[in-house]
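The structure under discussion appears below in the form of structure tokens.
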Amino acid sequence: MLGNFTYCNPTRLHFGEQALDQLAGELAGFGSRVLLAYGGGSIKKSGLYGQVTAILKACGKEVFEVPGVMPNPTVDKLYEGCRVARQNDVDLILAVGGGSVCDYAKAVSVSAWCDEDPWDKYYLRMEEVSNRIIPVGCVLTMVGTGSEMNGGSVITHPGQKRKIGHVFGSNVMPRFSILNPALTFTVPMKQMVAGIYDAFNHICEQYFSGEDDNTTDYIAEGLMRSLVVSSRVAVRQPDNYEARSNIMWAATWALNTLLAMGKSTDWEVHMIGQSIGAFTNATHGMTLSAVSLAYYRFIMADGLPKFGRFAVNVWGVDPAGKSAKELAEAGLEAMEHWMEELGVARNIRELGVTEEMLEGIADGTFLLTGGYRTLTRDDVLNILKASM
Ligand code: NZQ
Ligand code: ZN
């Protein structure tokens with residue numbers, strides 16, 4: 038384990054089919070004014086909205102609402118939430134939904150009492166929070182992002198064609214998250230597989246860095262194996278509780294800071310994917326799956342031992358008789374077959390990317406230095422072209 042680090046994750050998780058029973062106890066720890074944030078209507082259809090509002094009422098809370106938080110939440114929606122949170126001086130933001138709603142709640146949490154433009158301060162200038170933070174709690178309904186137990190908050194500025202994530206510190210992470218796998222049964226198949234690939238890629242982004250023997254890599258391999266096994270069950274049987282619960286638990290641990298310990302981490306697939314999202318508003322996990330293979334094939338030679346280890350330990354490839362390069366390639370082929378089974382996007386054209394967008398997407402891609410190769414803008418462009 039290289040380097041020095043401090044590990045603290047303050048989010049308390051309540052997991053399982055009865056997890057919502059714990060909401061009342063959590064609410065007791067906060068003041069009476071609650072901002073309820075949710076998406077486009079799935080929680081009303083499923084009945085969860087009724088359950089949550091009944092609990093809020095029974096706990097004597099005064100509830101203010103921000104409905105209609107869209108996938109890939111926008112900066113204008115953020116401003117709206119800030120107005121509601123500040124005008125009503127809320128004590129807690131309760132996010133009920135997927136990663137978009139959880140991310141949004143965190144963005145409002147740090148922005149409501151910020152006197153500058155939060156887009157400029159947190160997303161363009163990447164500054165830390167220096168104002169009052171409103172606590173956040175989550176009831177998760179869609180699995181993948183890890184937002185339920187991390188400080189990440191991704192906001193899109195459609196006018197500027199930028200989608201940017203800020204990873205805030207532990208003071209912004211949700212105070213609690215309710216994780217009931219059964220709530221994910223109604224997630225459409227396309228969203229489910231996008232979420233599974235998102236979680237898998239979060240692990241890859243941290244795993245494909247460093248050359249030392251590192252406990253974190255062994256944890257990562259175990260999580261990837263569990264995701265592969267459970268996803269194969271879930272695509273055939275979406276209401277299989279065992280599979281959905283494993284996927285939910287694995288996805289939370291995929292991006293709750295644990296797998297970054299002792300790692301430099303890569304995150305370049307996400308940087309490219311986010312820029313694609315800014316131009317197309319495509320589903321996040323699909324923007325990752327559509328560029329991953331081209332990206333990993335491009336950098337494979339720079340991290341050959343790790344790609345070989347990925348082939349053997351995650352995909353069970355037999356190394357006998359294979360050169361290091363052949364072994365590494367076999368691992369990526371196995372990943373490609375699994376992606377086909379899931380039915381995730383494997384080119385960016387199907388996400389709405391056109392040739393005319395490629396230069397702009399490359400311009401909007403941050404170039405990070407923690408992985409096996411630091412890309413140039415031309416490299417990004419070539420990866421995008423190879424992903425068409
Ligand atoms: O809006 P509703 O009606 O609720 O429908 C949602 C939405 O259309 C639907 N859905 C969610 N739960 C459902 C359901 N439909 C039926 N039954 C349910 N139980 O699913 C759709 C997608 O939801 P969304 O929250 O957008 O998906 P996801 O969880 O993938 O979140 C994506 C956002 O998270 C960001 C992404 O960039 C994107 O903006 N990310 C956040 C990260 C973080 N905090 O660390 C990291 C990730 O890499 C990612 O960037
Ligand atoms: Zn992601």
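Here the sequence shown is numbered in our numbering, starting from 38 and rising by one per residue.
A virtual CB, placed ideally from N, CA and C, is assigned to each residue, including glycine.
Every value quoted in this text rests on a predicted model; they were computed, and no experiment measured them.
Closer than 7 Å by C-beta to residue 334: which residues in its own chain qualify, once you throw out the five before and the five after it? Chain order, please.
For the purposes of this step, residue 334 is taken as the residue at position 297 of the sequence shown. If we look at residue 334 and ignore the five residues flanking it on each side, its Cβ neighbours are 369.
Determine the burial state of residue 126: buried for a count of at least 16 other Cβ atoms within 10 Å of its Cβ, exposed for fewer.
Walking along the sequence shown from the start, residue 126 turns up at place 89. The residue is exposed, with fewer than 16 neighbouring Cβ atoms inside 10 Å.
Considering just the uninterrupted stretch of the alpha helix (DSSP H) at residue 149, what are its terminal residues?
Locating residue 149 in the sequence shown gives position 112, counting from the first residue. From DSSP, residue 149 is part of no alpha helix (DSSP H); its letter is neither H nor E.
For the alpha helix (DSSP H) holding residue 94, just list the boundary residues, first then last.
Position 57 of the sequence shown, counted from the first residue, corresponds to residue 94. First-last of the alpha helix (DSSP H) with residue 94: 85-95.
Any non-hydrogen atom of the ligand NAD within 6 Å of residue 140 CB
In terms of ligand content, the structure shown lacks the ligand NAD and carries the ligand NZQ and the ligand ZN instead.
Buried or exposed: residue 414, going by 16 or more other Cβ atoms within 10 Å of its Cβ?
Translated into positions along the sequence shown, residue 414 becomes position 377. With fewer than 16 other Cβ atoms within 10 Å, it is exposed.
Evaluate contact between the region 283-298 and the region 60-77, counting only Cβ atoms and requiring at least three cross-stretch pairs below 8 Å.
no
Following a CB-centred definition, is residue 46 positioned closer than 6 Å to any heavy atom of the ligand NZQ?
On the sequence shown, position 9 is the one that residue 46 refers to. Incorrect: residue 46 has no Cβ contact closer than 6 Å to the ligand NZQ.
Identify every residue that forms a DSSP beta bridge with residue 134.
As a first step, residue 134 is located in the sequence shown; it is residue number 97 there, counting from the start. For residue 134, which the question treats as bridged, DSSP gives the partners 177.
Straight-line Cα distance separating residue 183 from residue 235
The residue you call residue 235 lines up with position 198 of the sequence shown. The residue you call residue 183 lines up with position 146 of the sequence shown. Rounded to the nearest angstrom, the two C-alpha atoms are 9 Å apart.
Any heavy atom of the ligand NZQ closer than 6 Å to the CB of residue 211?
What you label residue 211 is simply residue 174 of the sequence shown in a count that begins at 1. Answer for residue 211: no, Cβ out of range of the ligand NZQ.
Three-state secondary structure (DSSP) at residue 162?
Within the sequence shown, residue 162 is the residue found at index 125, counting from 1. Three-state DSSP puts residue 162 in coil, outside helix and strand.
Helix, strand or coil for residue 310? Go by DSSP, reduced to three states.
Position 273 of the sequence shown, counting from 1, holds the residue named residue 310. Helix.
Where residue 54 sits in the DSSP three-state scheme
Within the sequence shown, numbered from 1, the residue matching residue 54 stands at position 17. Looking at residue 54 - three-state DSSP - the assignment turns out to be coil, as it is neither helix nor strand.
Using a 10 Å radius around the Cβ and a threshold of 16 neighbouring Cβ atoms, would you call residue 105 buried or exposed?
Indexing the sequence shown from 1 puts residue 105 at position 68. By the neighbour-count rule (16 or more Cβ atoms within 10 Å), residue 105 is not buried but exposed.
Provide the residue span of the beta strand (DSSP E) that contains residue 366, from first to last.
As a first step, residue 366 is located in the sequence shown; it is residue number 329 there, counting from the start. Note, residue 366: premise wrong, no beta strand (DSSP E); alpha helix (DSSP H) at 361-379.
Could you tell me if the beta carbon of residue 235 falls within a distance shorter than 6 Å of some heavy atom in the ligand ZN?
Here residue 235 corresponds to residue number 198 of the sequence shown, with the count starting at 1. Answer for residue 235: yes, Cβ within range of the ligand ZN.
Cβ of residue 343 within 7 Å of Cβ of residue 237?
As a position in the sequence shown, residue 343 is number 306, starting the count at 1. As a position in the sequence shown, residue 237 is number 200, starting the count at 1. Going by C-beta atoms, residue 343 is not nearer than 7 Å to residue 237.
If you draw a straight line from the C-alpha of residue 323 to the C-alpha of residue 339, how long is it?
Position 286 of the sequence shown, counted from the first residue, corresponds to residue 323. Position 302 of the sequence shown, counted from the first residue, corresponds to residue 339. Approximately 25 Å between the Cα atoms of the pair.
Give the range of the alpha helix (DSSP H) segment to which residue 300 is assigned.
The sequence position of residue 300 within the sequence shown is 263, counting from 1. Premise fails: residue 300 is in no alpha helix (DSSP H) and is neither H nor E.
So does residue 321 have its beta carbon nearer than 6 Å to some heavy atom of the ligand NZQ?
To locate residue 321, count along the sequence shown from 1; it is residue 284. Because some heavy atom of the ligand NZQ lies under 6 Å away, the Cβ of residue 321 counts as near it: yes.
So, using beta-carbon positions, are residue 226 and residue 316 closer together than 7 Å?
On the sequence shown, residue 226 is found 189 positions in, with the first residue counted as 1. On the sequence shown, residue 316 is found 279 positions in, with the first residue counted as 1. No, the pair does not count as a contact, with Cβ atoms beyond the cut-off.
Member of 68, 50, 119, 134 whose CA lies at the smallest distance from the CA of residue 89:
Locating residue 89 in the sequence shown gives position 52, where the first residue counts as 1. Ranking the options by Cα distance to residue 89, first place goes to 134.
If I'm right that residue 311 touches residue 201 with Cβ under 8 Å, what's the distance once you round it to whole angstroms?
The residue labelled residue 311 in the question sits at position 274 within the sequence shown. The residue labelled residue 201 in the question sits at position 164 within the sequence shown. Indeed, because the Cβ distance is near 7 Å, the residues count as touching under 8 Å.
Own chain residues within Cβ distance below 8 Å of residue 92, not counting five before or after
On the sequence shown, residue 92 is found 55 positions in, with the first residue counted as 1. Excluding positions up to five away in sequence, the list reads 57, 60, 61, 64.
Straight-line CA distance for residue 326 to residue 80?
Position 289 of the sequence shown holds residue 326. Position 43 of the sequence shown holds residue 80. If I take the Cα positions, the gap works out to 27 Å.
Between residue 269 and residue 379, what straight-line distance do the alpha-carbon atoms span, to the nearest angstrom?
The count along the sequence shown starts at 1 and reaches residue 269 at position 232. The count along the sequence shown starts at 1 and reaches residue 379 at position 342. C-alpha separation (whole angstroms): 8 Å.
Count the other C-beta atoms from every protein chain shown that fall within 10 angstroms of the C-beta of residue 374, then say buried if there are 16 or more, exposed otherwise.
The count along the sequence shown starts at 1 and reaches residue 374 at position 337. Answer is exposed; the Cβ neighbour count stays below 16.
With the cut-off set at 7 Å, would you say residue 175 and residue 218 are in Cβ contact?
Residue numbering aside, residue 175 sits at position 138 when the sequence shown is read from its first letter. Residue numbering aside, residue 218 sits at position 181 when the sequence shown is read from its first letter. Contact: no.
Residues in its own chain within less than 6 Å of residue 364 by CB, not counting five upstream and five downstream?
In the sequence shown, counting from the first residue as 1, residue 364 sits at position 327. Contacts found: 345, 348, 356.
Tell me, please, whether the CB atom of residue 304 is closer than 7 Å to any CB atom in chain D?
Absence of chain D from the displayed structure is noted, only one protein chain being present.
Would DSSP call residue 247 helix, strand or coil?
What you label residue 247 is simply residue 210 of the sequence shown in a count that begins at 1. Correct three-state label for residue 247: coil.
Can the beta-carbon of residue 296 be found closer than 7 Å to that of residue 243?
On the sequence shown, position 259 is the one that residue 296 refers to. On the sequence shown, position 206 is the one that residue 243 refers to. Result yes, Cβ atoms of residue 296 and residue 243 sit closer than 7 Å.
Per DSSP, residue 49 is paired with what?
Along the sequence shown, one-based indexing puts residue 49 at 12. According to DSSP, which records beta bridges pairwise, residue 49 is partnered with 213.
Short check: CB of residue 146 to CB of residue 112, under 7 Å?
For this step, residue 146 is matched to residue 109 along the sequence shown. For this step, residue 112 is matched to residue 75 along the sequence shown. No, the pair does not count as a contact, with Cβ atoms beyond the cut-off.
Give the straight-line distance between the Cα atoms of residue 209 and residue 150, rounded to the nearest whole angstrom.
By one-based count along the sequence shown, residue 209 stands at place 172. By one-based count along the sequence shown, residue 150 stands at place 113. Between residue 209 and residue 150, the C-alpha separation is close to 14 Å.
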